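A short worksheet on the structure shown next.
Residue numbers (the numbering used here), protein chains in the order written: chain A, 365 to 595; chain B, 178 to 651; chain C, -7 to 217.
Here's what the structure looks like:
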């Protein structure tokens, strides 16, 4: 059952049989040519916010974005230093349990924390997940250009883990800090079969719906902490 | 939804005049949008070249329209490959019945919705509520207007007309709400809605883009409500217009940040997610079933217009509303349409009837602020002129036709036109006693504004006299 | 407003140019065009083409809106008709007053003196159809004694919009209020613009409200000694 597929497609085709009006369709701009004939991704890179070529450049832009977004961004030189930051947060916020998924950096962090772990990757109980004050995940990448955390089901424990607990902590390795949005989508496509879900998380959940005043933690996490392990 | 027949023109005239006379409400809207303008300008400066980005984005969306048939087929094929069910709906009734059918088949009771204007367009909530389903909007603004039993005021900022105290009063009807602080009000909604997510059987979302190349839908949001809507329930239904196609996944690199920047002044919004099918083997969570409803509902009519199909490239950022001096002075509800502001004035006559909604095209000073700001360069204010032209050639209003015939008659005869100057002067002086009264043909102007007296000498007369003096002097 | 035309003539003559005013011109046809009555607009616009047919001189218009009609909308209005090329050619030699002086004559200092604090209103058609923003300001900056105080809403529409001002008078009036309040808040004594219709709207509202602010066309200020 696909409804009015045939009729709609026929109407679309009939409509487009009449060419675009030249007073409206301006296809002769330099940018239009770049999109049509050139390397469109290279063109986008000339227009989007600039990120320098080095790792230090990427770190600087990520940090600048994080400050604006109210993301806590920490660069540490060892997993142990990351564990110490997480332990301090858990203590300060009085975590009773932590949500996580089974993957290298995250496993070690949970072990170091010593709290009961709700493992999302094992098929979780919704209420148990909702009861966790914090969630720890990995990511596919950190995107410097926008200060985003790029997550997929395998890299960050599914769809819900990174959005349900009020404090989301992300652990990333040095190689995971990439330059820009085109690189993020390229990376996802290069990894083979696409997942059913991917998300660019940019700062803690937010809303401005009431009098256009910014409030964090609308539905998702109130706090986002990104720890880059430079090891 | 009331069954009383509303005449769109009368409703518009009445409601717009009411808001225009409410200085306090207008000031509130202006202040709210003032902050947007500041952050947006600053964010645009963060791009290497925002203007070039606009041209590039415009071209990508043009490509999507030019190649629409093949992109729709490719999108559908990839959705199906990813295990998604695709349904094509010609009109709102077909879409409503399909969705209702799924809810019944799944024996669903609780439905959670993330912001989707397409579902507003097909009046889905009223149907589902009438059928006894528990339907809750999860976007904060949408939740508030749903609780207040009204339509979204602005298709991106649904409750921007409500002040904190009014929102508190709305919440008090649900449960005790201790404060009218925006933070506290947001936390109230968060708590109310969290439980709804955990219980929902079906999640209904919209879609900002459909990626033909991969068969994913892309959703741009800030709150995380769409993330939850697409994560927790066993069934996910996405409704989107057929014009939402993008050729490639990489096109998101440009369009998602621009949507956030134009829409809310952000470099990119908080969550930009793609969804392509139900949970795959090996994935942790996600729905067991995903449906995509592709909606026509007038879009192919607009597509058939070789000038105004341009408007199908809209990415619904709402920027044209935010800069529109008409919107700022009459608010969103005055429009009486699902899509407000300049873009609404352009597309609604195509979707719901030219003669019934042409007044929206006339209720514009044609200032062009919308066109100047549109991130995909839709020729918005010129389309308003084209709507005026089309409505007149289809059905010219009698009085105006007489006036315009008279205008053309007098103004194509320079001698008659110049004879008119002293006559108009005479008329002006003779009409002095009635000026400003309802007998005055200029009443609507003079009620709020003065009109200058007719000059004793027109420029034409001055120039003519001077030329003659010059000749005589020689 | 004859004083606008008079000022334009005097400004050009002082610069050493002669000004002709074809007496058989009436209107550019914009009222009918904006009303959606294209055949009627075309008739009036054809009269405009006739009036300037025998000359190759630049046509200078002291209104961004009328200039935009000729430059931007005539090509669409005459598209596919016998006079399309003629309309495009006329558009190409038609100039809004301030851009003609600054960009074509290359002059910014007209030797004017006007010792008041003024604020400039950008008429929408001039600003957005023709991209006129700097020329009037560059001219005002050179006026002796003049202090330019930008208002916050300088690029916001005044609410005139032709028949819109009467058809939707309440909206139009609300827009005029925003404009006038913003102009007043700038501390200016005079609102200057390059569009007579905007000035009629702004002055009409300000005068009705008794706001102590004067409205003048740019040409009048540039013609002040």
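Ideal Cβ positions, reconstructed from N, Cα and C, are used throughout, including at glycine.
Predicted model, so just to flag it, every value in this text is computed and none were measured.
Between residue i and the rest of its own chain, which residues show a CB-CB distance below 7 Å, the 5 nearest in sequence each way excluded?
{"i": "residue 188 of chain B", "result": "513"}
{"i": "residue 94 of chain C", "result": "100, 127, 130 and 131"}
{"i": "residue 215 of chain C", "result": "-1, 2, 3 and 104"}
{"i": "residue 483 of chain A", "result": "464, 465 and 466"}
{"i": "residue 442 of chain B", "result": "213, 216, 217 and 220"}
{"i": "residue 474 of chain A", "result": "462, 464, 481 and 500"}
{"i": "residue 314 of chain B", "result": "290, 320 and 323"}
On a Cα-Cα basis, can you pick out the residue from the options that is closest to residue i?
{"i": "residue 637 of chain B", "options": "B/527, B/427 and B/596", "result": "B/596"}
{"i": "residue 550 of chain B", "options": "B/484, B/319, B/325 and B/218", "result": "B/218"}
{"i": "residue 477 of chain A", "options": "A/490, A/460 and A/568", "result": "A/460"}
{"i": "residue 256 of chain B", "options": "B/599, B/594, B/235 and B/453", "result": "B/453"}
{"i": "residue 545 of chain B", "options": "C/151, C/188 and C/76", "result": "C/151"}
{"i": "residue 581 of chain B", "options": "C/7, C/212, C/196 and C/35", "result": "C/35"}
{"i": "residue 186 of chain C", "options": "C/6, C/111, C/205 and C/72", "result": "C/111"}
{"i": "residue 367 of chain B", "options": "B/490, B/518, B/402 and B/511", "result": "B/402"}
Under a three-way DSSP split, which group does residue i fall into?
{"i": "residue 500 of chain A", "result": "strand"}
{"i": "residue 388 of chain B", "result": "strand"}
{"i": "residue 337 of chain B", "result": "coil"}
{"i": "residue 179 of chain B", "result": "Here residue 179 of chain B scores only 47 on pLDDT, less than 50, and its place in the model should not be relied on; the value that follows carries that caveat. Looking at residue 179 of chain B - three-state DSSP - the assignment turns out to be coil, as it is neither helix nor strand."}
{"i": "residue 232 of chain B", "result": "helix"}
{"i": "residue 388 of chain A", "result": "coil"}
{"i": "residue 139 of chain C", "result": "strand"}
{"i": "residue 438 of chain B", "result": "helix"}
{"i": "residue 438 of chain A", "result": "strand"}
{"i": "residue 408 of chain B", "result": "coil"}
{"i": "residue 647 of chain B", "result": "helix"}
{"i": "residue 285 of chain B", "result": "coil"}
{"i": "residue 463 of chain A", "result": "strand"}
{"i": "residue 559 of chain B", "result": "helix"}
Leaving out five residues before and five after residue i in sequence, what residues of the same chain have Cβ atoms less than 8 Å from its Cβ?
{"i": "residue 25 of chain C", "result": "33, 37, 61, 65 and 69"}
{"i": "residue 415 of chain A", "result": "421, 422, 425, 508, 509, 543 and 544"}
{"i": "residue 179 of chain B", "result": "Confidence at residue 179 of chain B is low in this model, with a pLDDT of 47, below 50, so the placement of that residue is unreliable and no value is reported for it."}
{"i": "residue 51 of chain C", "result": "44, 62, 82, 85, 86 and 87"}
{"i": "residue 624 of chain B", "result": "613"}
Buried or exposed: residue i, going by 16 or more other Cβ atoms within 10 Å of its Cβ?
{"i": "residue 342 of chain B", "result": "exposed"}
{"i": "residue 86 of chain C", "result": "buried"}
{"i": "residue 397 of chain B", "result": "buried"}
{"i": "residue 506 of chain A", "result": "buried"}
{"i": "residue 282 of chain B", "result": "exposed"}
{"i": "residue 561 of chain A", "result": "buried"}
{"i": "residue 506 of chain B", "result": "buried"}
{"i": "residue 227 of chain B", "result": "buried"}
{"i": "residue 299 of chain B", "result": "buried"}
{"i": "residue 401 of chain A", "result": "exposed"}
{"i": "residue 208 of chain B", "result": "exposed"}
{"i": "residue 365 of chain B", "result": "buried"}
At which residues does the alpha helix (DSSP H) containing residue i begin and terminate?
{"i": "residue 218 of chain B", "result": "200 to 222"}
{"i": "residue 448 of chain B", "result": "Per DSSP, residue 448 of chain B belongs to no alpha helix (DSSP H); it is in the beta strand (DSSP E), 448 to 452."}
{"i": "residue 621 of chain B", "result": "620 to 623"}
{"i": "residue 474 of chain A", "result": "468 to 477"}
{"i": "residue 468 of chain B", "result": "Note, residue 468 of chain B: premise wrong, no alpha helix (DSSP H); beta strand (DSSP E) at 466 to 472."}
{"i": "residue 411 of chain A", "result": "404 to 411"}
Could you spell out the range, first to last residue, of the beta strand (DSSP E) harbouring residue i?
{"i": "residue 202 of chain C", "result": "No beta strand (DSSP E) holds residue 202 of chain C; DSSP gives it neither H nor E."}
{"i": "residue 351 of chain B", "result": "Where residue 351 of chain B is concerned, there is no enclosing beta strand (DSSP E), given that its DSSP letter is neither H nor E."}
{"i": "residue 111 of chain C", "result": "109 to 113"}
{"i": "residue 311 of chain B", "result": "311 to 314"}
{"i": "residue 184 of chain C", "result": "182 to 185"}
{"i": "residue 206 of chain C", "result": "206 to 209"}
{"i": "residue 326 of chain B", "result": "Segment: none, residue 326 of chain B is in no beta strand (DSSP E) and carries neither H nor E."}
{"i": "residue 591 of chain A", "result": "587 to 593"}
Among the residues of its own chain, which have a CB less than 6 Å from the CB of residue i, if the five just before and after it don't count?
{"i": "residue 496 of chain B", "result": "439 and 550"}
{"i": "residue 451 of chain B", "result": "393 and 395"}
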